[in-house]
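Asker: One structure, as structure tokens, below. Some questions next.
Number of protein chains: 4
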Amino acid sequence: MSFKELKREVYEANMELVTRDLVIYTFGNVSQIDRDKGVVAIKPSGVAYENLTADDIVIVDLENNIVEGTMRPSSDTKTHTYLYRQWQHIGGITHTHSTYATAWAQAQQPIPCLGTTHADYVFDTIPCTAVIRNDQIERDYEEETGVQITDCFIDRDVNESPMVIVAGHAPFTWGKDAAKSVYHAALLEEIARMAYLTKTLNPQIGDLKQEIMDKHYQRKNGKNAYYGQS
Amino acid sequence: MSFKELKREVYEANMELVTRDLVIYTFGNVSQIDRDKGVVAIKPSGVAYENLTADDIVIVDLENNIVEGTMRPSSDTKTHTYLYRQWQHIGGITHTHSTYATAWAQAQQPIPCLGTTHADYVFDTIPCTAVIRNDQIERDYEEETGVQITDCFIDRDVNESPMVIVAGHAPFTWGKDAAKSVYHAALLEEIARMAYLTKTLNPQIGDLKQEIMDKHYQRKNGKNAYYGQS
Amino acid sequence: MSFKELKREVYEANMELVTRDLVIYTFGNVSQIDRDKGVVAIKPSGVAYENLTADDIVIVDLENNIVEGTMRPSSDTKTHTYLYRQWQHIGGITHTHSTYATAWAQAQQPIPCLGTTHADYVFDTIPCTAVIRNDQIERDYEEETGVQITDCFIDRDVNESPMVIVAGHAPFTWGKDAAKSVYHAALLEEIARMAYLTKTLNPQIGDLKQEIMDKHYQRKNGKNAYYGQS
Amino acid sequence: MSFKELKREVYEANMELVTRDLVIYTFGNVSQIDRDKGVVAIKPSGVAYENLTADDIVIVDLENNIVEGTMRPSSDTKTHTYLYRQWQHIGGITHTHSTYATAWAQAQQPIPCLGTTHADYVFDTIPCTAVIRNDQIERDYEEETGVQITDCFIDRDVNESPMVIVAGHAPFTWGKDAAKSVYHAALLEEIARMAYLTKTLNPQIGDLKQEIMDKHYQRKNGKNAYYGQS
Chain U
1 MSFKELKREV YEANMELVTR DLVIYTFGNV SQIDRDKGVV AIKPSGVAYE NLTADDIVIV
61 DLENNIVEGT MRPSSDTKTH TYLYRQWQHI GGITHTHSTY ATAWAQAQQP IPCLGTTHAD
121 YVFDTIPCTA VIRNDQIERD YEEETGVQIT DCFIDRDVNE SPMVIVAGHA PFTWGKDAAK
181 SVYHAALLEE IARMAYLTKT LNPQIGDLKQ EIMDKHYQRK NGKNAYYGQS
Chain F
1 MSFKELKREV YEANMELVTR DLVIYTFGNV SQIDRDKGVV AIKPSGVAYE NLTADDIVIV
61 DLENNIVEGT MRPSSDTKTH TYLYRQWQHI GGITHTHSTY ATAWAQAQQP IPCLGTTHAD
121 YVFDTIPCTA VIRNDQIERD YEEETGVQIT DCFIDRDVNE SPMVIVAGHA PFTWGKDAAK
181 SVYHAALLEE IARMAYLTKT LNPQIGDLKQ EIMDKHYQRK NGKNAYYGQS
Chain D
1 MSFKELKREV YEANMELVTR DLVIYTFGNV SQIDRDKGVV AIKPSGVAYE NLTADDIVIV
61 DLENNIVEGT MRPSSDTKTH TYLYRQWQHI GGITHTHSTY ATAWAQAQQP IPCLGTTHAD
121 YVFDTIPCTA VIRNDQIERD YEEETGVQIT DCFIDRDVNE SPMVIVAGHA PFTWGKDAAK
181 SVYHAALLEE IARMAYLTKT LNPQIGDLKQ EIMDKHYQRK NGKNAYYGQS
Chain B
1 MSFKELKREV YEANMELVTR DLVIYTFGNV SQIDRDKGVV AIKPSGVAYE NLTADDIVIV
61 DLENNIVEGT MRPSSDTKTH TYLYRQWQHI GGITHTHSTY ATAWAQAQQP IPCLGTTHAD
121 YVFDTIPCTA VIRNDQIERD YEEETGVQIT DCFIDRDVNE SPMVIVAGHA PFTWGKDAAK
181 SVYHAALLEE IARMAYLTKT LNPQIGDLKQ EIMDKHYQRK NGKNAYYGQS
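Protein chains in written order, with the UniProt record's numbering: chain U, 1 to 230; chain F, 1 to 230; chain D, 1 to 230; chain B, 1 to 230.
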């Protein structure tokens with residue numbers, strides 16, 4: 001894929017955040033990696049979506065050096081490149097401050113699996129990171145945000161949850177490319193909204209039982225999946 | 001009705017879910033039966049609404065065999081056909097994961113009748129199924145979802161509530177045709193939203209008294225109904 | 001005003017309910033009285049807004065007899081005519097099942113005055129009627145809904161609150177004409193929404209103090225009002 | 001800047017309130033000062049946004065005398081001019097009754113800093129004024145609303161929070177010009193909404209720790225800020 005095509009895809013994925021009501025003003029950013037070239041295309045920092053063009057998308061290498069572009073890349077770039085370095089299988093990352101997912105992040109609670117809408121996309125809870133430590137803030141805040149995220153998957157398969165909420169901050173989601181990571185950001189927001197409503201309606205409700213989680217996750221994502229068109 | 005007309009009606013009913021903000025992406029599905037021909041037209045599995053065409057609608061028989069269509073039918077097809085086999089008087093079925101109705105399903109509580117908006121369309125509570133048993137999940141998950149639903153009406157007239165919520169899952173609604181089942185899905189979402197707000201505002205509030213339920217249900221649905229144009 | 005003009009105004013006021021997101025499908029109705037002619041123009045019963053035309057508006061006299069029109073008038077017509085007979089100064093009435101106002105009606109609680117948004121339009125609480133008695137339901141349900149409403153104003157000046165919520169049912173609002181009653185319906189919905197959020201955030205919060213209520217109500221509605229253009 | 005240009009900017013900032021869903025009907029008002037000329041342009045009182053034109057904007061001096069315009073200025077004009085007189089560095093002021101910010105004002109609670117969305121724009125809590133005293137209401141209600149606001153900043157740098165909520169009333173925000181004050185009004189509404197959801201989900205959650213507040217506020221607003229384009 002040419003830089004031009006890569007920037008076009010990342011531009012369109014960023015604009016999809018507006019269409020899906022996941023961002024206002026300059027909130028959020030989407031990136032996509034070209035593993036062959038070792039470069040990441042990402043939204044420039046602090047540019048409002050209504051002014052964004054495909055040419056504004058910045059290309060950096062995995063050490064955060066600008067390869068192409070005249071603008072400064074997203075201030076969250078180091079979080080993105082850290083995740084791309086750690087997780088070889090992901091191709092796109094989305095960060096938003098979408099309302100309900102951010103409320104769960106601010107409540108500093110993982111999102112419990114309360115129903116099949118959740119179970120269709122994520123196996124078990126959507127993890128919430130620990131609160132960032134002071135030494136992490138001092139060392140390299142944005143890269144350490146990546147560490148906060150990967151720490152949630154030390155004992156857990158990252159493929160089971162293409163999404164996480166960062167405590168006191170907001171969500172990050174990923175996928176095979178930029179578009180898929182935005183898709184997961186939109187699903188997370190809807191799952192978070194349903195979970196908020198469920199918990200405020202019935203605070204005692206427990207998690208969905210394991211067998212339903214298994215069934216829904218497997219029929220859509222397992223090796224004998226029968227959801228969708230093959 | 002020709003297959004072409006049947007598919008057109010089912011296509012339009014599915015698209016109405018988008019217009020009414022009841023679905024995102026590939027969530028939900030609507031079907032309609034042609035009792036004379038013994039066939040059901042239903043949304044294909046995992047196709048996003050923005051890509052859906054009337055030609056994509058799949059026609060199956062009541063044993064879930066494809067009669068016409070090149071795509072795989074909805075993964076919930078067996079739930080639909082089970083209900084059509086059990087309830088001879090219904091002509092259309094809608095399944096959504098609409099936000100507030102799903103929150104009640106996740107809270108695993110029937111929706112109490114708290115006001116006349118509810119009483120105009122449903123007599124008494126909107127039932128919530130029992131949680132599906134493990135033996136049901138293992139046997140035939142989708143058909144057993146149908147059993148979960150009909151079990152709610154063993155001691156209750158199905159005509160009194162053209163809607164149900166499946167515990168830990170989401171709502172199903174029905175009617176004389178596909179369009180009417182979508183209408184009931186939209187009403188359910190609004191009733192569920194009002195009930196959520198009422199219960200979070202005043203958790204102690206009890207059900208509407210029986211005499212008002214009777215009056216509203218009968219003036220709209222009884223044999224001496226005087227609501228609407230005759 | 002000719003019948004044609006009266007029907008046009010009532011039609012437009014009804015359609016404004018859709019524009020302001022206060023109704024779905026066939027919910028709600030708006031009427032306006034011509035005091036000189038002794039007639040009331042009102043929405044026909046059970047007609048969806050997308051199909052409504054100005055010609056469909058029905059004209060009845062104050063005893064609910066059809067004066068002009070081929071359709072059956074709103075099933076709530078007797079509530080409207082009762083209020084017009086009791087309150088000589090009002091010219092228009094709106095009934096909706098708008099979401100937040102209906103939630104308060106279902107919670108069977110008056111809406112407390114918690115801030116100046118409320119105090120600008122209504123002096124003190126927005127009353128909630130008593131639950132309708134069984135003898136009222138049996139006698140004449142719709143006319144008795146009018147009695148429920150006027151009973152709220154036995155010890156209170158009706159001009160201080162151009163709106164009421166009917167317990168277990170939904171709101172009614174009024175004004176000098178149909179358009180003004182719709183305006184009050186939209187304000188009520190926003191006031192009800194703010195009050196819901198306030199009370200769920202801080203259940204202990206008391207009413208706004210009397211002196212601010214006075215100030216805001218008087219600067220907008222008193223004889224020395226200085227809000228707006230003279 | 002000519003009066004014509006000033007009025008155009010203030011008109012556009014007022015209309016942005018509608019675009020951002022921060023006002024209905026006649027709610028709210030935006031102003032901008034021309035410090036060289038010593039004049040303030042402000043929305044006229046009680047004019048609905050759909051009828052507003054740039055020519056309707058009223059120009060007053062800092063003692064609230066009309067300099068240009070045929071309409072009566074906003075009834076809140078004295079609050080605006082008081083703030084402009086007290087705070088020499090601000091250039092624009094917005095007042096709305098936006099839903100979630102007003103709910104916090106009605107709950108009479110400052111908005112706690114629960115996450116980085118808040119910390120990006122405001123350092124520490126968003127202050128809530130004391131309830132206005134009776135002697136203030138009697139003396140000069142609108143000017144005293146300004147005093148309520150400046151009293152929140154006696155021990156606090158006004159630059160740390162370009163926004164405040166007035167107890168029992170609604171928010172005021174400010175910035176270098178009218179457009180920036182509207183931007184802060186929209187951010188406040190979103191921050192207030194997230195904080196509402198967080199607190200109703202987890203009432204025990206405490207404020208974000210100081211070190212994250214510092215980091216986010218400084219990376220965006222400090223002297224070594226690296227967010228955005230330089």
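Heads up, the beta-carbon is just placed ideally off N, CA and C, and yes, glycines get one too.
Everything numeric in this text was worked out from a predicted model, so none of it was measured.
To the nearest angstrom, how far is it from the Cα of I93 of chain D to the Cα of V166 of chain D?
Answerer: Residue 93 of chain D sits at position 93 when you count from the first residue of the third sequence. Residue 166 of chain D sits at position 166 when you count from the first residue of the third sequence. Going by the C-alpha atoms only, they are around 14 Å apart.
Asker: If you measure between the beta carbons of C113 of chain F and M213 of chain F, is that distance less than 9 Å?
Answerer: As a position in the second sequence, residue 113 of chain F is number 113, starting the count at 1. As a position in the second sequence, residue 213 of chain F is number 213, starting the count at 1. In this structure, M213 of chain F lies closer than 9 Å to C113 of chain F by Cβ.
Asker: Output needed in chain order: residues of the segment 178 to 203 of chain B with a Cβ under 8 Å from some Cβ in chain U.
Answerer: Listed by position, the residues of the segment 178 to 203 of chain B near chain U (Cβ gap below 8 Å) are Y183, A186, L187, E190, R193, M194, A195, L197, T198, T200, L201 and N202.
Asker: Does DSSP put S181 of chain B in a helix, in a strand, or in coil?
Answerer: Mapped onto the fourth sequence, residue 181 of chain B falls at position 181. Helix at S181 of chain B.
Asker: Between the alpha carbons of V23 of chain F and S98 of chain F, how many angstroms are there, rounded?
Answerer: Counted from its first residue, the second sequence places residue 23 of chain F at position 23. Counted from its first residue, the second sequence places residue 98 of chain F at position 98. Distance between the alpha carbons of V23 of chain F and S98 of chain F is about 6 Å.
Asker: Under DSSP, the alpha helix (DSSP H) around H118 of chain F begins and ends at which residues?
Answerer: Residue numbering aside, residue 118 of chain F sits at position 118 when the second sequence is read from its first letter. Element bounds for H118 of chain F: T116 to A119.
Asker: For W174 of chain F, which beta-bridge partners are listed by DSSP?
Answerer: Within the second sequence, residue 174 of chain F is the residue found at index 174, counting from 1. W174 of chain F pairs with F:I93.
Asker: Could you pull out every unbroken alpha helix (DSSP H) segment of at least 4 residues lying fully inside the segment 43 to 89 of chain U, listed in chain order?
Answerer: As far as the segment 43 to 89 of chain U is concerned, its whole alpha helix (DSSP H) runs of at least 4 residues are 77 to 86.
Asker: Just grab the DSSP bridge partners of M163 of chain D for me.
Answerer: Your numbering for residue 163 of chain D matches position 163 in the third sequence. Answer by DSSP bridge pairing, in chain order: D:T173.
Asker: By the three-class DSSP mapping on this structure, what secondary structure does residue 232 of chain F have?
Answerer: A query on residue 232 of chain F cannot be resolved here, the shown segment of chain F reaching from 1 to 230 and no further.
Asker: Looking at the secondary structure, which residues open and close the alpha helix (DSSP H) in which I149 of chain D lies?
Answerer: On the third sequence, position 149 is the one that residue 149 of chain D refers to. That run of the alpha helix (DSSP H) goes N134 to D151.
Asker: For T79 of chain B, which residues of its own chain have a beta-carbon under 6 Å away from its beta-carbon, when the five flanking residues on both sides are left out?
Answerer: As a first step, residue 79 of chain B must be located in the fourth sequence, where it is residue number 79. If we look at T79 of chain B and ignore the five residues flanking it on each side, its Cβ neighbours are E142, T145 and G146.
Asker: I need the straight-line Cα distance from F27 of chain U to Y183 of chain U, nearest angstrom please.
Answerer: Here residue 27 of chain U refers to the residue found at position 27 of the first sequence. Here residue 183 of chain U refers to the residue found at position 183 of the first sequence. Going by the C-alpha atoms only, they are around 17 Å apart.
Asker: Using a Cβ-Cβ cutoff of less than 8 Å, which residues in the same chain neighbour E211 of chain D once the five nearest sequence positions on both sides are dropped?
Answerer: Position 211 of the third sequence, counted from the start, is the residue given in the question as residue 211 of chain D. Result list for E211 of chain D: empty, nothing under 8 Å.
Asker: Report the three-state DSSP secondary structure of I191 of chain B (helix, strand or coil).
Answerer: On the fourth sequence, position 191 is the one that residue 191 of chain B refers to. Helix at I191 of chain B.
Asker: Check whether chain B comes within 9 Å of Y227 of chain D, counting only Cβ atoms and requiring the distance to be less than that.
Answerer: Here residue 227 of chain D is taken as the residue at index 227 of the third sequence, counted from 1. Closer than 9 Å to some Cβ of chain B, the Cβ of Y227 of chain D qualifies, so yes.
Asker: Taking 9 Å as the CB-CB limit, is residue 269 of chain B close to chain D?
Answerer: For residue 269 of chain B there is no data in the structure shown, the boundaries of chain B being 1 and 230.
Asker: Given that a residue counts as buried once 16 or more other Cβ atoms are within 10 Å of its Cβ, and exposed if not, what is S230 of chain D?
Answerer: Walking along the third sequence from the start, residue 230 of chain D turns up at place 230. So S230 of chain D counts as exposed.
Asker: Please state the DSSP three-state secondary structure of V131 of chain D.
Answerer: By 1-based counting over the third sequence, the position of residue 131 of chain D is 131. Correct three-state label for V131 of chain D: coil.
Asker: What span of residues does the alpha helix (DSSP H) with V18 of chain D cover, start to end?
Answerer: Start at 1 with the first residue of the third sequence, and residue 18 of chain D comes out as number 18. Where V18 of chain D is concerned, the enclosing alpha helix (DSSP H) stretches over F3 to T19.
Asker: Taking 9 Å as the CB-CB limit, is R35 of chain D close to chain F?
Answerer: Taking the third sequence and counting its residues from 1, the one referred to as residue 35 of chain D is at position 35. So no, R35 of chain D is outside the interface.
Asker: Apart from the five residues just before and just after A119 of chain B, which ones in its own chain have a Cβ nearer than 7 Å to its Cβ?
Answerer: If you number the fourth sequence from 1, residue 119 of chain B lands on position 119. Excluding sequence neighbours, A119 of chain B sits near C113, L208, I212, M213, H216 and Y217.
Asker: Any residues in the segment 115 to 149 of chain B with a beta carbon nearer than 8 Å to a beta carbon of chain U? Which ones, in chain order?
Answerer: Within the segment 115 to 149 of chain B, the qualifying residues are G115, T116 and T117.
Asker: Kindly list the residues whose CB is nearer than 6 Å to the CB of N14 of chain D, restricted to its own chain and excluding five residues on each side of it in sequence; keep chain order.
Answerer: Here residue 14 of chain D refers to the residue found at position 14 when the third sequence is read from its first residue. Excluding sequence neighbours, N14 of chain D sits near V30 and K43.
Asker: Here's a check: name, in chain order, each residue in its chain whose Cβ is nearer than 6 Å to the Cβ of A170 of chain B, leaving out the five neighbours to either side.
Answerer: If you number the fourth sequence from 1, residue 170 of chain B lands on position 170. Once the five neighbours on either side are set aside, the close Cβ partners of A170 of chain B are H97, T102 and A105.
Asker: Measure from the C-beta of E16 of chain F to each C-beta in chain D and report whether the shortest distance is under 9 Å.
Answerer: Translated into positions along the second sequence, residue 16 of chain F becomes position 16. It does not; no Cβ of chain D falls within 9 Å.
Asker: Return the CA-CA distance between V18 of chain D and A54 of chain D, expressed in angstroms with no decimal places.
Answerer: Position 18 of the third sequence, counting from 1, holds the residue named residue 18 of chain D. Position 54 of the third sequence, counting from 1, holds the residue named residue 54 of chain D. Their Cα atoms are separated by approximately 15 Å.
Asker: Hey, does Y25 of chain U have any beta-carbon neighbour from chain C nearer than 9 Å?
Answerer: Protein chains in the displayed structure are U, F, D and B, and chain C is not among them.
Asker: Taking the beta carbon of G175 of chain B as the centre, do at least 16 other beta carbons fall within 10 Å, making it buried, or is it exposed?
Answerer: Within the fourth sequence, numbered from 1, the residue matching residue 175 of chain B stands at position 175. Buried: at least 16 other Cβ atoms inside 10 Å.
Asker: With a 10 Å radius around its C-beta and 16 neighbouring C-beta atoms as the bar for buried, classify G222 of chain B as buried or exposed.
Answerer: Taking the fourth sequence and counting its residues from 1, the one referred to as residue 222 of chain B is at position 222. Counting Cβ neighbours within 10 Å, G222 of chain B comes out exposed, since fewer than 16 surround it.
Asker: Do Q32 of chain F and D140 of chain F come within 9 Å of each other at the CB atom, strictly closer than that value?
Answerer: Sequence index remark: in the second sequence, residue 140 of chain F carries index 140 (1-based). Sequence index remark: in the second sequence, residue 32 of chain F carries index 32 (1-based). Going by C-beta atoms, D140 of chain F is not nearer than 9 Å to Q32 of chain F.
Asker: Does the beta-carbon distance from T117 of chain B to S161 of chain B come in below 9 Å?
Answerer: Residue mapping note: residue 117 of chain B aligns to position 117 of the fourth sequence, counting from 1. Residue mapping note: residue 161 of chain B aligns to position 161 of the fourth sequence, counting from 1. Cβ distance not < 9 Å, so T117 of chain B and S161 of chain B don't count as in contact.
Asker: In its own chain, which residues sit with a C-beta less than 8 Å from the C-beta of M71 of chain F, not counting the 5 before and 5 after it?
Answerer: Reading the second sequence from its first residue, position 71 is the one you call residue 71 of chain F. Only P44, S45, V47, D56 and V58 meet the Cβ criterion.
Asker: Within this structure, are the beta carbons of residue 238 of chain D and Y11 of chain B separated by less than 9 Å?
Answerer: Because residue 238 of chain D is not part of the residues shown, which for chain D are 1 to 230, the question remains open.
Asker: Give me, in chain order, the residues of the same chain whose beta-carbon lies closer than 6 Å to that of T150 of chain U; leave out the 5 immediate sequence neighbours on both sides.
Answerer: To locate residue 150 of chain U, count along the first sequence from 1; it is residue 150. Closer than 6 Å at Cβ, skipping near neighbours: Q86.
Asker: Is the Cβ of H80 of chain U closer than 9 Å to any Cβ of chain B?
Answerer: Within the first sequence, the letter at position 80 stands for residue 80 of chain U. Output row for H80 of chain U: interface = no.
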